Amino acid sequence: MKTAITSKTIDAVSPVVRKRTTPLRRFWSHRTLLLMCVPAILFFLVMSYLPMPGLYLAFINYNYSAGIFGSDFVGFDNFKFLVTSGALWKLTSNTILYNLAFIVFGNILQISIAILLNELRKKWFKKVSQSLMFLPYFISFVLVGLIAYNILSYDFGLLNGILKSIGWDPVKTYSNPSIWPFIIVITYLWQSTGYGSIVYFAAIMGLDSEIVEASEIDGANALQRIRYIVLPWLKPTFIILFLFSLGGILRGNFGLFYNLVGANNTALFDATDIIETFVFRSLMNNFNFSLGSAVSLYQSVFGFFIVITANWLVKKFSPDNTLF
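Residue numbers for the sequence shown follow my numbering, beginning at 196 and rising by one.
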C-alpha cells in the first residue's frame, strides 16, 4: 500500500529552519538585562572615561589664563620632578605597604568572620552580630578621625587619661611616627572588615548543604569541614577579589589618612605620607594641577601592570580563576 506524500508530510519530516538572528534582534531579546546595566555603564562613562582627556595635564605646565590646550607642553618634566625630588620612592613604598596590609589582614579577617557567622546556629544572634559588624562601615571618616583624636590626644585623650591614672607618663601620639602604621591598619580593619565579609558569607551560602551533611556523617568535625570544604570553596572568590584589590594597590585611602593624621603633620610624614596626601598638598599649597595629574597617571599605569602580572601568575597555577 503506497502512502501519499503531501505537503504536511514534508513539513513533518523536514528540519526546522530557524530565523537568522541579527545583532539588533539579540539586543532586543536581552533588553531587560541591558537596561539593568545602564546605570553602571553611565557611572563608568562619566566617572572613568570622560575625565581621561584630563591626563594631558600631566604633560603640560598648566596655566590658568591659557587653559589646558594653551599651556606650554613640557613632556615628561613633571615625572622627572617626582623622581628627582626623592619623594616618589617614599610615597610609593608607604602606599604599597599600607595597601598590602589592608589586603592581607583584611581578607584573613573577612574570611574568618564569614566562617564564624556561618557556624552560628541561632538566627537572632547571627543577625545581631552582622548588624554590629557592618555598622562601623557606615561611620564617616570625619567621625572616625574625631573619635581617634579624642582617644589619642596628648592633653585630654582617653589613652593618656588612663595612663596618668595609673601613674605612667602621657604619650605624645601625634609626634611619634613609629606607632601610626599600627593605628592606621587597625582603624581600617575595624571599619571595613565587617562589610567586606559580606561577599565571603554570600559565597558560603552558595555551598551545597548536602556536601556539608555528608562530611558530618563521615565524622568530620568543624575544623575539618572548614579546612577541606569551606576554604577550597572560597578560593575562587578570594583570588578574584585579590586581583581587583591589586589594581588599586597604588591608590591610598585619602579619607582615612587625612582625617586620622592630617595632610600637614610633618612629624608623621615618614610613616603616614602616601601619594594622595602628597597630591592634596601640591594642589592646596602650590595649585600644581600638572604634578597631581602626573602622579595620578603614574598610579594608573603602575596598577595596570600589577593586575596584568598577577593575572598571568594566577593563570599559571589556577587557570579557571583568572579575570581574563
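Glycine included, each C-beta is placed from N, C-alpha and C at the ideal position.
Computed from a prediction, not measured in an experiment: that's the story for all the values here.
Beta carbon of residue i nearer than 8 Å to that of residue j
i, j, result
"F475", "F449", "yes"
"M328", "I308", "yes"
"V490", "L441", "no"
"N506", "F519", "yes"
"T368", "Y395", "no"
"Y257", "F512", "no"
"F342", "T467", "According to the sequence as given, residue 342 is Ile; it is not Phe. Cβ distance not < 8 Å, so I342 and T467 don't count as in contact."
"I470", "F452", "no"
"G194", "G447", "The structure shown does not extend to residue 194, since the chain is modelled only from 196 to 519, so the question has no answer here."
"S387", "Y344", "no"
"V366", "L384", "no"
"F254", "G265", "no"
"E314", "A415", "no"
"L402", "W428", "yes"
"I263", "L252", "yes"
Where the beta strand (DSSP E) containing residue i begins and where it ends
i, result
"N256", "255-258"
"D267", "262-268"
Other residues of its chain near residue i: CB distance less than 6 Å, five sequence neighbours each side excluded
i, result
"L486", "N273, S477"
"L445", "T290, Q494, F497, G498"
"R316", "none"
"N294", "I444"
"V539", "One cannot answer for residue 539 here, as it falls past the ends of the chain, which runs 196 to 519."
"D267", "N256"
"G340", "N454, L455"
Range of the contiguous alpha helix (DSSP H) that encloses residue i
i, result
"K322", "318-329"
"S387", "375-400"
"D468", "Segment: none, D468 is in no alpha helix (DSSP H) and carries neither H nor E."
"Y369", "That residue, Y369, is in no alpha helix (DSSP H); it is neither H nor E in DSSP."
"D403", "From DSSP, D403 is part of no alpha helix (DSSP H); its letter is neither H nor E."
"L486", "484-512"
"D350", "Per DSSP, D350 belongs to no alpha helix (DSSP H) and is neither H nor E."
"F439", "426-442"
"R446", "Careful: R446 lies outside any alpha helix (DSSP H) and carries neither H nor E."
"N313", "282-314"
"N273", "272-279"
"P543", "Beyond the ends of the chain as shown, which are 196 and 519, falls residue 543; an answer cannot be given."
"R420", "417-420"
Residue i versus residue j - alpha carbon distance
i, j, result
"I334", "L455", "14 Å"
"W319", "Y244", "45 Å"
"I346", "G352", "5 Å"
"S360", "I381", "25 Å"
"K197", "P218", "Note that K197 scores 47 on pLDDT, short of 50, meaning its location in the model is unreliable; the coordinates nonetheless yield the value given after this. Each residue's alpha carbon lies about 47 Å from the other."
"L304", "A282", "33 Å"
"I399", "A235", "26 Å"
"M479", "T461", "16 Å"
"P376", "N459", "17 Å"
"I374", "W284", "21 Å"
"L229", "R221", "11 Å"
"F482", "I435", "38 Å"
"I306", "C232", "29 Å"
"P246", "I406", "49 Å"
"F500", "L438", "12 Å"
"I412", "K430", "24 Å"
"F239", "S224", "24 Å"
"S404", "L426", "15 Å"
"T279", "A296", "28 Å"
"L330", "I310", "19 Å"
"I357", "D465", "28 Å"
"T216", "L292", "52 Å"
"T504", "A261", "41 Å"
"D515", "R226", "30 Å"
"S288", "P372", "16 Å"
"K275", "V241", "31 Å"
"G389", "W363", "35 Å"
"Y259", "L508", "45 Å"
"L286", "L237", "33 Å"
Beta-carbon contacts of residue i that lie in its chain and below 7 Å, excluding the five residues immediately before and after
i, result
"G457", "none"
"G249", "S488"
"K510", "T517"
"L492", "L250, A253"
Own chain partners of residue i with C-beta closer than 8 Å, once the 5 adjacent residues on each side are dropped
i, result
"S410", "Q419, R420, Y423, I424"
"L312", "K321, S324, Q325, S392, F396"
"Y349", "N355, P365, V366, K367, T368, Y369"
CB contact below 8 Å: residue i versus chain B
i, result
"L312", "Among the chains of the structure shown, chain B does not appear; only one protein chain is present."
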